[in-house]
Structures are given as C-alpha cells and as structure tokens.
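Residue numbers (the working numbering): 1 to 184.
Using N, Cα and C, we set each Cβ at its ideal position, and we do this for glycine too.
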Amino acid sequence: MDEVVDRARSLLGRVLHGHGVAVRITEVEAYGGVLDPASHAFTRTPRSEIMYGPPWRLYVYRSYGIHHCANVVTGPTETASAVLVRAGEVVEGRELAHERRGDVAGVQLARGPGNLAQALGLTLTDLGTDLLSDSGVRLGPPPDAVPPISSGPRVGVSKAADVPWRFWVTGDPTVSAYRRSPRA
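Take a look at the structure:
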C-alpha cells in the first residue's frame with residue numbers, strides 16, 4: 001500500500017495534458033485497489049477492470065451520471081491501485097478550458113475531479129490511455145522541485161473515510177474543499 005501513496009505524492013506538480021489543455025496537478029487521492037474498501041477495484045467489476053492492468057493507464061469513469069473523473073492506475077498489475085486526480089491549475093489552453101467549464105474563476109477551472117476532467121476534455125473514450133506516451137492525453141515529467149505537501153482524509157468516501165490518503169500542494173488556491181461523506 002505504500003507504493004500507491006508514494007505514486008500519489010509524486011503526481012503533485014506534474015502536468016496532465018488533455019485535449020488542448022494542460023493542468024498542473026495540485027491535489028490527488030490514493031486508492032489501494034483490492035486491499036482498500038473505498039476503491040472501485042475492491043470488488044472486481046467490468047468498470048474497474050482497467051485498474052488491474054499495467055500502471056500509467058488512465059481510468060476514466062462517470063460519477064453521478066454526469067461528471068467524468070480521471071485516475072492514474074499505479075499498479076503493480078493485479079493490485080488495482082490508482083490515484084484520483086482531484087484538482088489542478090490550468091497552465092495551457094486556458095481559453096479552451098473556459099469554453100468547456102463556462103464562466104468560472106481561474107482557480108476554479110480544474111478544482112474538483114469532475115471539473116478537472118471537463119477542463120481537460122476527458123471522457124470515457126480516453127479510458128486505458130497510456131499516460132507515458134509522447135502525444136495526446138499524457139502525463140508530463142516530475143517537477144524539478146517537489147512542492148510542499150499536506151495530507152488528510154479522502155473526500156466523499158463512506159468506507160475507510162479517515163485514511164489520510166488525500167494529498168495536496170500546501171496553500172495552493174486550486175485545491176478543493178474537504179467534504180466528508182455523510183455516510184462515513
């Protein structure tokens with residue numbers, strides 16, 4: 001389980017490139033796959049199957065029937081660990097992100113997992129994308145300097161709600177607000 005936490009923390013400050021927009025990742029949540037009752041992969045289903053494959057693939061799913069959310073599968077294969085990308089700062093393609101998101105303030109363009117996926121133009125057609133490719137939807141290299149990182153409980157989960165696997169760039173204005181699930 002330490003590996004998914006390390007990978008989650010290492011995503012902070014990296015740039016996720018979508019369809020004409022790039023976002024510097026400022027907030028993530030780790031999910032430990034088959035060992036984590038809060039993970040979509042705790043029980044293997046057709047929806048979570050991508051999580052059991054090789055690392056550095058994109059797991060996209062629809063949340064509440066309206067929003068898409070994006071996860072980085074961290075592996076190793078068959079453990080189904082993944083990291084939800086929760087928030088970021090739009091660093092390229094701001095105009096296109098505004099078109100997709102409407103009239104929202106700059107720090108809110110990619111604040112929250114659904115908003116981030118919408119700003120990047122991510123949909124179910126991006127499911128399984130190799131994020132280490134040189135073009136298309138991809139993940140940029142690690143930043144030169146590691147930003148200061150804070151941690152706390154995950155947002156909106158009813159199981160394992162107090163596990164402190166939500167990580168964010170300390171003090172960054174794009175980080176979303178913490179909301180505990182009422183079912184927790």
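For V175, there is no enclosing alpha helix (DSSP H), since its DSSP letter is neither H nor E. Straight-line spacing of the CA atoms in P147 and R7 works out to 14 Å. Taking V169 as the centre and dropping the five residues before and after it, the same chain places the C-beta of L12, T26, P147 closer than 6 Å to its C-beta, in chain order. Secondary-structure assignment with DSSP links I66 through no beta bridge to anything.
The continuous beta strand (DSSP E) containing G152 extends over residues 149-152. About 7 Å separates the CB atoms of A80 and S39; that is less than 8 Å, so the two are in contact.
In the same chain as D162, and ignoring 5 residues on each side of it, the C-beta atoms closer than 6 Å to its own belong to P153, in chain order. When DSSP assignments are scanned along the region 42-120, the uninterrupted stretches of alpha helix (DSSP H) that are 4 or more residues long and fall wholly within it turn out to be 94-101, 113-120. Segment contact: the region 100-118 against the region 128-144, fewer than three CB-CB distances shorter than 8 Å; contact not assigned.
Counting the other CB atoms within 10 Å of its CB gives E95 a total below 16, which places it among the exposed residues.
Following the DSSP letters along the chain, one finds L16 in no alpha helix (DSSP H) but inside the beta strand (DSSP E) bounded by residues 15-17.
For L35, the secondary structure class from DSSP, reduced to helix, strand or coil, is helix. In this structure, DSSP gives D144 a state outside helix and strand, which the three-state scheme calls coil. Minimum Cα-Cα distance from D36 among the listed residues V83, L58, G171 corresponds to V83.
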